[in-house]
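Asker: One structure is given below, represented as structure tokens, and several questions about it will come after.
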Amino acid sequence: MKERILSLDLARGFTVMFIAPVHTMLLLSKPAVQESWLGWIFRFVSEGPGAQLFMLLMGVSFALGNKKSTAQVLKRSFVILTIGYLLNVLKFGLPVLFGLMPDSLMHWLEVANNASGFLQLALTGDILQLAGISLIVLLLCNTLFKYRFLYFLFAIVICFISPIFWDIKTGFGISDHLMQLAGGQPPRVFFPLFPWLVYPVFGVYLGSFIKNRIKFRLPKLWLVSILAGCTGIIIFYFLHSTNEVSFYRTGPVDTFFHLLIVLVWLYAWQLLSKWIPYNRFFELLCWLSKHITLIYFVQWIFIFWLLPVFGFQTIGFYGSVGLMALLTFNVLGIVYIIDKMRPS
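Mapping to our numbering: the sequence shown position 267 is 486, numbers consecutive.
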């Protein structure tokens with residue numbers, strides 16, 4: 220396995236290992252558990268090198284992968300979007316349709332516990348919707364951009380213009396849903412295209428950088444990290460946004476520093492892959508990285524179908540630890556079985 224691929228797999232696989240525990244804590248653990256030292260660790264992994272890392276590496280894969288036709292990319296985008304909405308139906312479906320979803324969760328999601336509420340939940344925008352739409356944007360960029368540095372400039376532009384797309388409403392169902400996907404906020408949309416498009420776009424830039432130096436050495440990620448960090452500092456002094464920001468809708472400064480964290484994270488795993496020989500733990504992380512979509516899919520169904528049993532944010536510290544371990548074991552076990560059943 221080539222080092223550059225190994226380091227990316229290790230970085231992604233380690234974060235994938237926390238997907239089920241983080242989401243279990245978010246929905247099933249008491250707020251006090253979420254504010255504990257364990258919650259702090261999980262919050263760092265999920266809000267630091269978490270979804271941002273996944274989206275950036277999607278861009279890297281787009282740049283490093285074999286050249287695909289427009290039809291192939293659009294088909295891949297359609298499949299991802301279909302999986303995303305299917306997941307919404309499955310994870311919300313049975314509990315809501317049978318009236319089993321905890322009222323406290325429905326209040327948190329700002330929907331009624333009825334068929335209308337189910338429709339709203341089925342259209343929730345999550346990271347799979349973001350990934351599917353981002354692929355289409357990357358396809359357009361690949362057609363328009365002839366120089367890789369244009370991706371870096373486009374990422375900066377996205378940071379600045381993102382607030383323009385936030386909370387736009389047209390009064391028409393389909394167009395409103397599309398605008399929500401572009402610039403909505405929780406609980407309707409958790410990963411709006413703006414500003415999250417920054418990460419796959421920058422990922423293509425980074426991937427092109429790696430690809431063009433494939434015969435020599437990996438790019439010095441720390442140099443790129445410094446570039447991103449300095450850009451964020453400059454923006455801090457020249458931009459004072461009045462828009463409401465959060466983890467899901469970050470301003471330019473926060474977006475660049477999230478990008479900085481991801482790049483440092485990648486560089487750390489690059490060093491580890493150099494210093495530590497390939498081992499069973501690395502093998503596990505590579506397996507997790509390879510099956511990220513299926514793991515994400517299965518763990519959400521598990522968690523939401525357990526909500527009628529345990530309730531919304533009701534479990535204490537030790538119960539949370541035990542449930543996270545048990546749920547992770549079951550999720551990975553099911554993914555392993557599904558993987559073995561696939562034709563080789």
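Quick reminder that beta carbons are idealized off the backbone N, C-alpha and C, glycines included.
Just to confirm, is the Cβ distance from residue 327 to residue 531 under 8 Å?
Answerer: Yes; because the gap between Cβ atoms is below 8 Å, this pair is in contact.
Asker: Helix, strand or coil for residue 330 per DSSP?
Answerer: coil
Asker: Under the three-state reduction of DSSP, which class applies to residue 280: helix, strand or coil?
Answerer: helix
Asker: Any heavy atom of the ligand ADP within a distance shorter than 7 Å of the CB on residue 349?
Answerer: Absence of the ligand ADP from the depicted structure is noted, as is the absence of any ligand whatsoever, leaving it without description.
Asker: Could you give the DSSP three-state label for residue 461: helix, strand or coil?
Answerer: Legend: pLDDT at residue 461 = 46, less than 50; position of this residue unreliable, no value from coordinates given.
Asker: Work out the CA separation of residue 297 and residue 469 for me, nearest whole Å.
Answerer: 27 Å
Asker: Looking at C-alpha atoms only, which residue of 385, 367, 384 is the closest neighbour of residue 430?
Answerer: Ranking the options by Cα distance to residue 430, first place goes to 367.
Asker: Do residue 269 and residue 421 have their CB atoms nearer than 8 Å?
Answerer: no
Asker: Taking DSSP's pairing of strands, which residues face residue 344 in a bridge?
Answerer: 408
Asker: I need the straight-line Cα distance from residue 519 to residue 257, nearest angstrom please.
Answerer: 21 Å
Asker: Of the choices 262, 340, 389, whose alpha-carbon is the least far from that of residue 407?
Answerer: 340
Asker: Do you know how far the Cα of residue 359 is from the Cα of residue 255?
Answerer: About 44 Å.
Asker: Residue 532 lies in the alpha helix (DSSP H); which residues open and close that run?
Answerer: Where residue 532 is concerned, there is no enclosing alpha helix (DSSP H), given that its DSSP letter is neither H nor E.
Asker: Could you tell me the distance, in whole angstroms, from the CA atom of residue 324 to the CA atom of residue 528?
Answerer: 13 Å
Asker: Just the C-alpha distance for residue 312 and residue 349, rounded to the nearest angstrom, thanks.
Answerer: 21 Å
Asker: For a test of the three-state rule: what should DSSP assign to residue 296, helix, strand or coil?
Answerer: Helix.
Asker: Just how far apart, CA to CA, sit residue 300 and residue 355?
Answerer: 11 Å
Asker: Among 377, 233, 242, 540, which one has its Cα closest to the Cα of residue 522?
Answerer: 242
Asker: Using beta-carbon positions only, say whether residue 516 and residue 306 come within less than 8 Å of one another.
Answerer: yes
Asker: Quick check: the Cα distance between residue 384 and residue 372, rounded to an integer number of angstroms?
Answerer: 19 Å
Asker: Using 10 angstroms around the beta-carbon of residue 303, count the other beta-carbons present and answer buried if the total reaches 16, otherwise exposed.
Answerer: Buried: at least 16 other Cβ atoms inside 10 Å.
Asker: Rounding to the nearest angstrom, what Cα-Cα distance links residue 506 and residue 232 in this structure?
Answerer: Those two C-alpha atoms are separated by around 7 Å.
Asker: According to the Cβ coordinates, are residue 425 and residue 412 closer than 8 Å?
Answerer: no
Asker: Look up residue 323 in the DSSP assignment and say whether it is helix, strand or coil.
Answerer: Reduced to three states, the DSSP call for residue 323 is helix.
Asker: Spatial neighbours of residue 330 within its chain, please: C-beta separation below 7 Å, excluding the five flanking residues on both sides.
Answerer: 336, 339, 340
Asker: Please identify the residue among 274, 389, 465, 387 whose C-alpha is closest to the C-alpha of residue 351.
Answerer: 274
Asker: Suppose you measure from the CA of residue 225 to the CA of residue 475; what does that come to, to the nearest Å?
Answerer: 25 Å
Asker: Checking the sheet assignment: what are the DSSP bridge partners for residue 248?
Answerer: 534
Asker: Per DSSP, what kind of secondary structure is residue 509 in: helix, strand or coil?
Answerer: helix
Asker: Along the chain, where does the alpha helix (DSSP H) containing residue 257 start, and where does it finish?
Answerer: 256-266
Asker: Leaving out five residues on either side along the sequence, give the residues of the same chain with a beta carbon under 6 Å from the beta carbon of residue 534.
Answerer: 247, 248
Asker: Between the Cα of residue 318 and the Cα atoms of 309, 333, 308, which residue gives the shortest distance?
Answerer: For the residues 309, 333, 308, the minimum Cα distance to residue 318 belongs to 333.
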